[in-house]
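Residue numbers (my numbering), protein chains in the order written: chain A, 1400 to 2206; chain B, 186 to 743. Structure, as structure tokens:
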Amino acid sequence: MSIETLLPWVPALPLIGFVTLVFFGRRLGGRWSGIVATVAMGAAFAVAAWLALGSALLRPGWSPPRVMGIDEKHVVPADYLDHPQEAVYHSTLWTWMTVAPQYDLTVVTRPVRAGEPVPADAVTTIRLPQARITHDLELFATSHRMFTPEQAIGRIARLDLLPIGPDAPLNGDRLLAETTLLPDAERAIPAAGLPERPLGYVVDVALQLDALSLLMILIVTGVGFLIHLYSIGYMAHDADRPRYFAYLNLFAFSMLTLVLGANFLVLFVGWELVGACSYLLIGFWHKDPANASAGRKAFIVNRIGDVAFLIAMMLIFTTFGSLAFADVLPQAADPLVLSGGVATLIAALLLVGATGKSAQIPLYVWLPDAMAGPTPVSALIHAATMVTAGIYMMARAHVIFDHAPSVLVAVAVVGAVTAFGAALIALVQSDIKRVLAYSTVSQLGYMFLGVGAGAYASGVFHLMTHAFFKALLFLGAGSLMHAMEHGFHHGKGSGHGAASSSEDHDDDAFPPGPPPALDGIPPEQDLRHMGGLLRKAPVTGWTFVVGGLALAGVFPLAGFWSKDEILHHVIGRAGEGGAIWLALFALGLVTAGLTAFYTGRLLLLALFGAPRSSGAAHAADSPRTMTAPLVVLAALSIVGGLPWLSGPLAEALDPVLRVAGHVATNVAGSAHAAESGPSALTLALIASAVALGGLALAWAMYRPGTPLVDPARLATAMGGAYRTLRGKFYVDELYAWGLVRPFTRIADFLWHRVDDGVVDAAVNAVGRGAVALGQGSRRWQTGYVRTYGLGIVIGAAALAAWLLWLV
Amino acid sequence: MLFNTSNALGFPVLSLTLFLPLVGALGLLLLPRRHDALYVAWGTFVAGTTTVLAGILWLGYEVDWPFTTTLANFQFADPARGPLPWLPGGVTYQVAVDGIAVVLVFLTALLTTLALAFSLGSVRTRVREYVALLLVMETGVIGVFVAMDLFLFYVFWEAALIPMMLLIGIWGGKERLYAAYKFVVYTIAGSALMLVAIVAAKELSHAASFHYFDLMHALAPLPGVGSAPGIPVPTSGAGASIIALFGLDLPHAALAIRIAIFLAFALAFAVKVPMFPFHTWLPDAHVQAPTAGSVLLAGVLLKMGTFGFIRWAMPLFPDAAMTVAPWLVALALVGIWYGAWVAFAQTDMKSLVAYSSVSHMGLVMIGILAIQPVGMAGGALQMINHGLSTGALFLLVGMLYDRAHTRDIAAFGGLWSSMPRFSAVFLVVTFSSIGLPGTNGFVGEWLSLLGAFQTRPLWGILAAFGVVFGAAYMLRLVQRVFFGPPSELSRSMPDLTGREMVVLAPLVILIFWIGLYPRPFLAPIEASGTSIVETMRQGVAEAVAPADVGARIHPPTP
């Protein structure tokens, strides 16, 4: 099968899984639902992997798809043939929306004898909407004194049915047009050939596969499959599994649509659908209103970004006349088509859209709350895939960003500030999932920083490594929570922990069962109740350590390489003399230190030291379906960043992400980094030192036994700062006070005061007025003939006066 | 022939579709007494047959005939040969559908069928009259969509109004008389003005009849027909003295007259849409109306207003429409924001959906008033979408009301546990209502917004924020009704019955169908919509300057 035929199966398989579960989920039951969903994901991954091997996208020395023996109908458009490095496979499924199709018509304007070739200067092209073709050709013909309208209509009606010859000339303008003479024509005939695809507003449901989307589908299906597998174990005791797995499959479908869409609108379909799935999955345990609220918050905050995206798409359409990447992006590279102002506007709107989906300042507030969903969901949606959609989208549309250097700086600033601020908040959180959530926000900020520096490939590279280690950390956290719950329920006296009781005799000091929740954090995910879990749950524990070290950026784990590359590009731009880039680099470096510190704190509090609750004391490792994905992800977190993988990756991504020559100065950092900044080795050493410093500081504060620096005393000493960070800078409170409360108050005001009090009251007043008028005029209906007679006389007189006046 | 009125089927299928419900209502008289279920079954059967006929029309409507001549989109004309003189004074009878009407007729028939099917067991008093009124109303609404004569249009317009008033007044809730009264007075006030405008449009332009083609010919100069006189400026009498009073020069005076007539139409239609600030009858009518009444009111009656703009007011007075459009758009924009905002505060489910209609119909109006092919297609498609999603919402609320006898949002909560199927359908409809891609709402919303943006970017931008607002109030509703701990009331609620699922299934299918593959709906709509837009533009262009061929045909760009 050709690549184009296989491609739609990648999103289709999870969709089939979803539909199956919607209709038969209950009959299948929880266990089989999980299996169906997981198999669907596995199959999607298999197809994706097959595509990776079968396509030329990841091979060095790429050759055009024509050579690959793809059938002629699906060959890439002519634009790509001019740039043979850009490998793209297209698969158009059906036409989605068509409005007012337009056609470019080639028309002969001068009399030409039958049989003679038409001279070039007698040919002109006109672009007309379908509805106006007859009419305008008619006028055209009349104006050139060729036909009377009647004659023209008949002839054109015949001409428009002419087939387009197989060897019709390709007129460079993406149009096939044909110039023909009718046999009986002494004079010139306007000749019309319909191009294969009309211009005007046409949007296809179409997929496209290039190196960037290939990488994304591999991540989504691969990590997605592991997380589905993990969910079978994690959700084993949930009664609502069919619904859970249906949502999970729907999410996978949506995300795959997002990354495979061949135009902005299909991308937007995925973009909104992942938001909807996120809404459904955050509120999965909807009996708790807090969960449902978190889901709603996520959806609405996302939608604010989506509005910006919508407006950007409208602007893109009015600027380029199309939404297809194949039309828009090559045109966007042309400064004559895309002026700097419009580029800046579009890019800025896309940036706002991206901050919503990828949880950046100012729209990041939904992500930490999204942790209300089941933990595998947090791993899949709120760490590995959906939240990276913003980075994917900016990389996809980078040609537009290349023309908007000021927006690129904004992207970098947003990213760096978010990375720094979120890392600060992560320092002091006690909820293991919240630490990871803020860490995700922070790491997404890094990716923004990379994109803003013009190092798109580095941003995408960090996206990939982050997907590995953050999914690992979330799943690990879920596994730890699972272990803790096990401990709470099988604590002292249950007879279950006989094997471990010999070494745990001193842990019996803890009362059985879960302790009361502190600050509303469920005890099984509260770091203050953990401790010593490395011994109790070794597989989870050790893989968690690997994930943590990768996040901290310790050599040679995945996070080290990708983070280093981003910093490398940022300092490269600083070398050009931009003070702002130096500041951003410093911020990035400090954030790296903070990251290492909170990761170290997380690892030490959760895994080392003595257990601090019965849950931790009696914890047990999770079943194989849960630990196996951890091991795989740990392996990926170790090797995922190694240069032997990242080198070819960057090479494969290069055709998609390369910056065109004439705008290279806007984003030059990526090109000249090596010459201007510190050498790669120096930077790597600095970054490693910072990471190790952060870890060492964490060790000093949270090591088992007596800390060198007591965190509690530090917190008291820096009370104000500590409380601000604990309170997450009070941004949620600020939004509630500044946005949500006014919104609801205005709603009430509009309803009670304006709608009932003014608009409707006015209507009723008019009604009462009419009634009063009727009451008044009722007096005229006296029933006395004399009154009516008077009326008739007055009326007749008035009528007569009017008639006289008219005459 | 400039106006194509082909009838491919060869028999008067459109008149049949139009009058079948009326005949069916009369047929109710023949049925034995006190067989309530039989009446509803009969009504459903009649409406179902009408739906099949409407489906035949929709499938038979030819979109792709090559290079359509402007306005050649009217099909299934009956009488096919030409209008039949009906009343003295130039009132004729002819019915035909364009691409927009054909889809609306189908929607009307479908929603009436579903509303009747739902009513089985839901309505217990005066069932025979109830069914009869619904069928009569169906004829009235279909008549509005198919009438080719402006006066005939008016007759059907009024005919659709009376059954709805009775439905609200007899089968409504506690405040039903107030609501029915308000509904009638409000609408009559608008349509009285429209009647004046109708007569003025014909008499002032000296059109041969009230027939659409005659009016178009007289009012909007069509290319190829020779330049039409339009409305001559009065040079004597009261009209002339008014003109003298305001010191208008002749071209402006002619425009002023056209604008005045257009505004009279616009007001009647705006009340029906309803546009802010003429909307306050809607929440009252909806809250009081029985479920079937609400479904049809929101689903099709509101569309009569927007359809009036598309078919009559705008093409007949293109220059007036373009002059006034920004003001109407301003009202529509206020409606989008205001309706959504007020919907957010509602405590009654029906009135929430009613206010959401104000918001959604604002979007429809923006798309139409953009006077762009894309916006026109989007606005017209959004009419269908709103009919489907809001119709479904009212059905769902009705099902809930039949179980709980309350529509108070606060009384519910946690319904998902006891009614998972119902909740899932409600969620799908919610997604459709807030325009999630993949559902019908998105296609119409996006096209409307894009059309508005093409005309004035600011319109598109301001309207786009309705997207956030829609999500805010609908998700708030979903959360408070379906999520959270189950309330006392919610715990004992039975899930959807088989009959209810059958009623809802067509709507859910259409929601996804239009969302994913809108072509069967969009193709006829956009062909006619584009044709209307082109006609309007040409009408204005020719009115402003004589045909300038060179200006319209662009030289080739190197």
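All residues carry an ideal CB built from backbone N, CA and C; glycine is no exception.
TODO: Please compile the residues from chain B whose C-beta is within a distance smaller than 7 angstroms of the C-beta of Lys1756(A).
DONE: Walking along the first sequence from the start, residue 1756(A) turns up at place 357. Per Cβ cutoff of 7 angstroms: no residues; Lys1756(A) is ~14 angstroms from chain B at best.
- [ ] Starting from the N-terminal side, write out each stretch of the alpha helix (DSSP H) that is 4 residues or longer and does not extend beyond the stretch 1945-1982 of chain A.
- [x] 1957-1973
Task: Thr2081(A) classed as buried or exposed, judged by whether at least 16 other C-beta atoms fall within 10 angstroms - done: The residue you call residue 2081(A) lines up with position 682 of the first sequence. Burial call: exposed.
Open item on the list: Can you tell me which residues form a DSSP beta bridge with Leu1608(A)?
Closed with: The sequence position of residue 1608(A) within the first sequence is 209, counting from 1. In the DSSP output, where bridge partners are listed per residue, Leu1608(A) has Tyr1488(A).
TODO: Give the residues of chain A in contact with Gly599(B), contact being defined as C-beta atoms less than 7 angstroms apart.
DONE: The sequence position of residue 599(B) within the second sequence is 414, counting from 1. By Cβ distance, chain A contributes Lys1686.
Task: Proximity test, Cβ basis, 9 angstroms: Asn1690(A) and chain B - done: Within the first sequence, numbered from 1, the residue matching residue 1690(A) stands at position 291. It does: the Cβ of Asn1690(A) has a partner Cβ on chain B nearer than 9 angstroms.
Task: Nearest-angstrom Cα separation, counted from Pro348(B) out to Arg443(B) - done: In the second sequence, counting from the first residue as 1, residue 443(B) sits at position 258. In the second sequence, counting from the first residue as 1, residue 348(B) sits at position 163. If I take the Cα positions, the gap works out to 33 angstroms.
Open item on the list: Considering only their Cβ atoms, is the gap separating Ala1758(A) from Gly1682(A) smaller than 9 angstroms?
Closed with: Position 283 of the first sequence holds residue 1682(A). Position 359 of the first sequence holds residue 1758(A). Their beta carbons are not under 9 angstroms apart, which means Gly1682(A) does not touch Ala1758(A) by this criterion.
- [ ] Could you check the C-alpha separation between Ile1699(A) and Asp587(B) for me, to the nearest Å?
- [x] Walking along the first sequence from the start, residue 1699(A) turns up at place 300. Walking along the second sequence from the start, residue 587(B) turns up at place 402. C-alpha separation (whole angstroms): 32 angstroms.
- [ ] Could you say if the stretch 564-584 of chain B and the stretch 537-545 of chain B meet the contact criterion of at least three C-beta pairs nearer than 8 angstroms?
- [x] yes
- [ ] Give the straight-line distance between the Cα atoms of Val1786(A) and Leu1608(A), rounded to the nearest whole angstrom.
- [x] As a position in the first sequence, residue 1786(A) is number 387, starting the count at 1. As a position in the first sequence, residue 1608(A) is number 209, starting the count at 1. Roughly 21 angstroms separates the two Cα atoms.
Open item on the list: Residues in the same chain with beta-carbon distance under 6 angstroms from Gly284(B), minus the five sequence neighbours each way, listed in chain order, please.
Closed with: The residue labelled residue 284(B) in the question sits at position 99 within the second sequence. Around Gly284(B): Asn258, Pro709, Ile710, Ala712 and Ser713.
Task: Selection of the stretch 681-708 of chain B by Cβ proximity to chain C, strictly under 9 angstroms - done: Reference to chain C is not applicable here, since the protein chains of this structure are A and B.
Task: Gly2020(A) - DSSP class collapsed to helix/strand/coil - done: Start at 1 with the first residue of the first sequence, and residue 2020(A) comes out as number 621. At residue 2020(A) the sequence reads Asp, which differs from the Gly that was named. Note: Asp2020(A) maps to coil in three-state DSSP.
- [ ] Using the Cα positions of Leu635(B) and Val559(B), report the straight-line distance between them to the nearest angstrom.
- [x] One-based indexing of the second sequence puts residue 635(B) at position 450. One-based indexing of the second sequence puts residue 559(B) at position 374. Going from the Cα of Leu635(B) to the Cα of Val559(B) covers about 7 angstroms.
Open item on the list: Cutting at 6 angstroms between CB atoms, please list the residues of its own chain near Val663(B), excluding the five before and the five after it.
Closed with: Position 478 of the second sequence holds residue 663(B). Closer than 6 angstroms at the Cβ level, and outside the excluded window around Val663(B), lie Thr615.
Open item on the list: Less than 9 angstroms between CB atoms is the rule here; does Arg1544(A) satisfy it with respect to chain B?
Closed with: The residue labelled residue 1544(A) in the question sits at position 145 within the first sequence. Unreliable placement is indicated for Arg1544(A), whose pLDDT of 37 sits below 50; no coordinate value is reported for it.
Open item on the list: Need the endpoints of the beta strand (DSSP E) that Gln260(B) sits in, please.
Closed with: Taking the second sequence and counting its residues from 1, the one referred to as residue 260(B) is at position 75. It spans Gln260 to Asp263 - the beta strand (DSSP E) in which Gln260(B) sits, taken as one unbroken run.
Task: Residues of its chain near Gly583(B), where Cβ-Cβ distance is below 6 angstroms and the 5 sequence neighbours each way are ignored - done: As a position in the second sequence, residue 583(B) is number 398, starting the count at 1. Excluding residues within five positions, the ones whose Cβ falls inside 6 angstroms are Thr476.
Task: Which of helix, strand or coil DSSP assigns to Asp1603(A) - done: Within the first sequence, residue 1603(A) is the residue found at index 204, counting from 1. Asp1603(A) falls in the strand class under three-state DSSP.
Task: Interface partners of Pro348(B) on chain A, CB under 9 angstroms - done: What you label residue 348(B) is simply residue 163 of the second sequence in a count that begins at 1. Near Pro348(B) there are no residues of chain A at all, since even the closest Cβ is about 23 angstroms away, more than 9 angstroms.
Task: Own chain, CB closer than 8 angstroms to Ala1897(A), minus 5 neighbours either side, in chain order - done: As a working note, residue 1897(A) is residue 498 in the first sequence. Residue placement at Ala1897(A) is flagged as unreliable, the pLDDT there being 43, under the threshold of 50; the coordinate-derived value follows with that caveat. For Ala1897(A), where only same-chain residues beyond five positions count, there are no Cβ hits under 8 angstroms.
- [ ] Keeping to the same chain, check which residues put their C-beta closer than 8 angstroms to that of Tyr1392(A); ignore five residues upstream and five downstream.
- [x] Given a span of 1400 to 2206 for chain A in the structure shown, any question on residue 1392(A) remains unanswerable.
Open item on the list: Taking a contact to mean a Cβ-Cβ separation below 9 angstroms, would you say Ile353(B) touches Ala365(B) in this structure?
Closed with: On the second sequence, residue 353(B) is found 168 positions in, with the first residue counted as 1. On the second sequence, residue 365(B) is found 180 positions in, with the first residue counted as 1. Their beta carbons are under 9 angstroms apart, which means Ile353(B) touches Ala365(B) by this criterion.
TODO: State the CB to CB distance for the pair Ser603(B) and Ser675(B), rounded to an integer number of angstroms; the pair is presumed to be in contact (CB under 8 angstroms).
DONE: In the second sequence, the residue the question calls residue 603(B) occupies position 418. In the second sequence, the residue the question calls residue 675(B) occupies position 490. Sure, about 6 angstroms apart at Cβ, within 8 angstroms.
TODO: Would you grab the beta carbon distance between Gly1660(A) and Asp1705(A) for me? Rounded to a whole angstrom, and I think it's under 8 angstroms.
DONE: The sequence position of residue 1660(A) within the first sequence is 261, counting from 1. The sequence position of residue 1705(A) within the first sequence is 306, counting from 1. So it is not a contact: roughly 15 angstroms between Cβ atoms.
Open item on the list: 9 angstroms is my cut-off, CB to CB: does Phe1667(A) come that close to chain B?
Closed with: Along the first sequence, read from residue 1 onward, the residue named residue 1667(A) stands at position 268. Interface residue, yes.
TODO: Could you check the C-alpha separation between His1685(A) and Ser376(B) for me, to the nearest Å?
DONE: Residue 1685(A) sits at position 286 when you count from the first residue of the first sequence. Residue 376(B) sits at position 191 when you count from the first residue of the second sequence. Those two C-alpha atoms are separated by around 49 angstroms.
Task: chain B contact for Arg1695(A) (CB, 9 angstroms cutoff) - done: Within the first sequence, numbered from 1, the residue matching residue 1695(A) stands at position 296. Interface residue, yes.
Open item on the list: I'd like to know whether the C-beta of Ile1699(A) is nearer than 9 angstroms to at least one C-beta of chain B.
Closed with: Walking along the first sequence from the start, residue 1699(A) turns up at place 300. For Ile1699(A), the answer is yes, since a Cβ of chain B falls inside 9 angstroms of its Cβ.
Task: Bounding residues of the beta strand (DSSP E) (the contiguous stretch that carries Pro206(B)) - done: Residue numbering aside, residue 206(B) sits at position 21 when the second sequence is read from its first letter. Counting along the chain, Pro206(B) falls outside any beta strand (DSSP E), though it belongs to the alpha helix (DSSP H) covering Val198 to Gly212.
TODO: Have a look at Pro1804(A) and Ala2079(A) and give me their C-alpha separation to the nearest angstrom.
DONE: As a first step, residue 1804(A) is located in the first sequence; it is residue number 405 there, counting from the start. As a first step, residue 2079(A) is located in the first sequence; it is residue number 680 there, counting from the start. Using only the alpha carbons, I get a separation of about 25 angstroms.
TODO: Could you check if Ala1601(A) is buried or exposed, using at least 16 other CB atoms within 10 Å of its CB as the buried criterion?
DONE: Numbered from its first residue, the first sequence carries residue 1601(A) at position 202. The question names Ala, but residue 1601(A) in the sequence shown is Val. Result: buried.
TODO: Would you list the residues sitting across from Val280(B) in a DSSP beta bridge?
DONE: For the purposes of this step, residue 280(B) is taken as residue 95 along the second sequence, with counting starting at 1. The partner list for Val280(B) (beta bridge, DSSP) reads Asp263(B) and Ala332(B).
Task: Between the CA atoms of Leu537(B) and Thr277(B) - distance to the nearest angstrom - done: For the purposes of this step, residue 277(B) is identified with residue 92 of the second sequence, where counting begins at 1. For the purposes of this step, residue 537(B) is identified with residue 352 of the second sequence, where counting begins at 1. Rounded to whole angstroms, Thr277(B) to Leu537(B) spans 42 angstroms at the Cα level.
Open item on the list: Which residues in chain B have a C-beta closer than 7 angstroms to the C-beta of Ile1703(A)? List them in chain order.
Closed with: Taking the first residue of the first sequence as position 1, residue 1703(A) is located at position 304. Result: Val653.
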